[in-house]
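Here is the structure we will look at.
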Amino acid sequence: MTISSRMCPFAVLICALLWGSAFPGIKAIYAEWEQLGVEAHMPNRLLLAGVRFTIAGAFLLLLARQPIKELRRTPWVPLALFAATQTYIQYVLFYTALSVSSAVLGGLLVASGSFWWLVLAPLILKTPWPSRVQWSLIAVGAAGVFLAVYKPGAGSGQPVLGAVLFCCSTLSGTFGVIILQKVMKTMGAKAATGFGLFLGGVMLMCSGAAAWSDFAQLFSTKVIWLTLYLAFVSATGFGLWNYLTSLFPVNLLAGYRFLVPVCAVVESSLFVTGESPGLGIWIGGLLVIFAVIFLQRQQGKMDRLVHRKI
Numbered sequence: 001m002t003i004s005s006r007m008c009p010f011a012v013l014i015c016a017l018l019w020g021s022a023f024p025g026i027k028a029i030y031a032e033w034e035q036l037g038v039e040a041h042m043p044n045r046l047l048l049a050g051v052r053f054t055i056a057g058a059f060l061l062l063l064a065r066q067p068i069k070e071l072r073r074t075p076w077v078p079l080a081l082f083a084a085t086q087t088y089i090q091y092v093l094f095y096t097a098l099s100v101s102s103a104v105l106g107g108l109l110v111a112s113g114s115f116w117w118l119v120l121a122p123l124i125l126k127t128p129w130p131s132r133v134q135w136s137l138i139a140v141g142a143a144g145v146f147l148a149v150y151k152p153g154a155g156s157g158q159p160v161l162g163a164v165l166f167c168c169s170t171l172s173g174t175f176g177v178i179i180l181q182k183v184m185k186t187m188g189a190k191a192a193t194g195f196g197l198f199l200g201g202v203m204l205m206c207s208g209a210a211a212w213s214d215f216a217q218l219f220s221t222k223v224i225w226l227t228l229y230l231a232f233v234s235a236t237g238f239g240l241w242n243y244l245t246s247l248f249p250v251n252l253l254a255g256y257r258f259l260v261p262v263c264a265v266v267e268s269s270l271f272v273t274g275e276s277p278g279l280g281i282w283i284g285g286l287l288v289i290f291a292v293i294f295l296q297r298q299q300g301k302m303d304r305l306v307h308r309k310i
């Protein structure tokens, strides 16, 4: 099934709603561990993330048409780099950030991926550099992030450390999207996403080997159900998003990413106990979303000008 350009924003909205629900989902697991007397230290976080993404990747590979055939004709280096950046590194940072700061703050900082893309794409994909207007909008977005970190609201934990980790997480994810363009020259979006999640999940589980002996304690009935849901979120969200990248320019999709922080902040505010967005989140969030929307409009104008010249 091919998604039309008119349906693209709705498809991105589905991704945004799914990814937004992951923030309260992970926080709910951390709260369950706290009730059980289990600390959310690094090995436990890595094992949790590893189980989630291994299941998600295996599910997508079962749905792919010929994943083994596609794997044989795909170079291992870009595929391994894709798994490392989009799954392993991104979520080591992400799960750590959620353990020290709020889901509301993390939801807002998801938008930093759009800013990273504008800076990295010219360096790696040789696309045009941002214009003066775009640099100004990036500065507005950065100001919004600083405001959000300065007054993040209740349950914010360590907002500065959390903000650094969240932004580094989205940076890794942006590298993953760039590398994916090379992987999908020989592999379909579903298989590429499946292998990326599965291999990244195995890396995470191996890194969390110190927690294997506590598996039964870590994965209570509630945690199992939440982990299965998070695996569904990953398989569906990443599978749909990476499929969209095969149909539409990444610059276009980056413009719709403002839906992700909106959904993440709203869902975190509604479902995470003890968290509420402060004044900095509201004002900073508006600045970030304003910057992302107008960055997309500016990028659209530049793309049309380039197309006319060609």
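Positions 1 to 310 (full-length UniProt numbering) are the ones given, in order, by the sequence shown.
Where is the CB? At the ideal position from N, CA and C, for every residue including glycine.
Given the structure is predicted, the values throughout are model-derived calculations rather than measurements.
#1: Among the residues of its own chain, which have a CB less than 6 angstroms from the CB of alanine 291, if the five just before and after it don't count?
#2: Straight-line CA distance for serine 246 to arginine 6?
#3: Is it right to say residue 360 is buried, meaning 16 or more other beta carbons lie within 10 angstroms of its own, or is it exposed?
#4: From this set, Ser101, Phe248, Gly196, which residue's C-alpha is nearest valine 77's C-alpha?
#5: Between Pro249, Leu244, Ile55, which has its C-alpha nearest residue 311's C-alpha?
#6: Let me check understanding here. Comparing Cα to Cα, which of Phe294, Gly278, Leu81 lies closest to threonine 174?
#7: Output the distance between the C-alpha atoms of valine 306 and isoleucine 124, rounded to the nearest integer angstrom.
#8: If you check the beta carbons only, do threonine 170 and glycine 208 fall under 7 angstroms apart?
#9: Select from Lys151, Leu17, Cys8, Lys27 the residue whose C-alpha is nearest the C-alpha of lysine 222.
#10: Do the segment 216-234 and the segment 99-115 touch if we need at least three Cβ pairs shorter than 8 angstroms?
#11: Whose CA, out of Cys8, Leu71, Gly57, Thr87, lies closest to the CA of leucine 204?
#12: Run through the UniProt domain "EamA" (161-295) for me and flag every whole alpha helix (DSSP H) of 4 or more residues, listed as ranges in chain order.
#13: Checking the sheet assignment: what are the DSSP bridge partners for serine 101?
#14: What do you get for alanine 22, buried or exposed, if any count of 16 or more other CB atoms within 10 angstroms of its CB means buried?
#15: Arginine 45 lies in the alpha helix (DSSP H); which residues open and close that run?
On the basis of the coordinates in this document:
#1: Numbered from 1 along the sequence shown, position 291 holds the residue referred to as residue 291. When the five nearest sequence neighbours on each side are left out, the beta carbons in the same chain lying within less than 6 angstroms of the beta carbon of alanine 291 are those of Leu137, Val140, Gly141, in order along the chain.
#2: Within the sequence shown, numbered from 1, the residue matching residue 246 stands at position 246. Within the sequence shown, numbered from 1, the residue matching residue 6 stands at position 6. Looking at the two C-alpha atoms, the distance is approximately 16 angstroms.
#3: An answer regarding residue 360 cannot be provided, because it is not within the stretch 1 to 310 covered by the chain.
#4: Taking the first residue of the sequence shown as 1, we reach residue 77 at position 77. Closest option to valine 77, Cα to Cα, is Gly196.
#5: Nothing about residue 311 can be reported from this structure: the residues present for the chain run from 1 to 310 only.
#6: Residue mapping note: residue 174 aligns to position 174 of the sequence shown, counting from 1. Of Phe294, Gly278, Leu81, the residue nearest in Cα terms is Leu81.
#7: Here the question's residue 306 lines up with position 306 in the sequence shown. Here the question's residue 124 lines up with position 124 in the sequence shown. The predicted position of valine 306 is uncertain, since its pLDDT is 39 and thus under 50; a value taken from the coordinates is nonetheless stated next. In this structure, the alpha-carbon of valine 306 lies about 19 angstroms from that of isoleucine 124.
#8: Your numbering for residue 170 matches position 170 in the sequence shown. Your numbering for residue 208 matches position 208 in the sequence shown. Not a contact, by the Cβ cut-off of 7 angstroms.
#9: Numbered from its first residue, the sequence shown carries residue 222 at position 222. Closest option to lysine 222, Cα to Cα, is Lys27.
#10: Counting Cβ pairs under 8 angstroms, fewer than three are found: no touch.
#11: Position 204 of the sequence shown, counted from the first residue, corresponds to residue 204. Looking at the Cα atoms, Thr87 is the closest of the given residues.
#12: Unbroken alpha helix (DSSP H) stretches of 4 residues or longer found wholly inside the UniProt domain "EamA" (161-295): 189-207, 215-218, 221-247, 250-256, 259-271, given in chain order.
#13: Looking up residue 101 in the sequence shown gives position 101. According to DSSP, which records beta bridges pairwise, serine 101 is partnered with Gly157.
#14: In the sequence shown, counting from the first residue as 1, residue 22 sits at position 22. Burial check for alanine 22: the Cβ neighbour count within 10 Å reaches 16 or more, so the residue is buried.
#15: Translated into the one-based positions of the sequence shown, residue 45 becomes position 45. Per DSSP, the unbroken alpha helix (DSSP H) holding arginine 45 starts and ends at 42-63.
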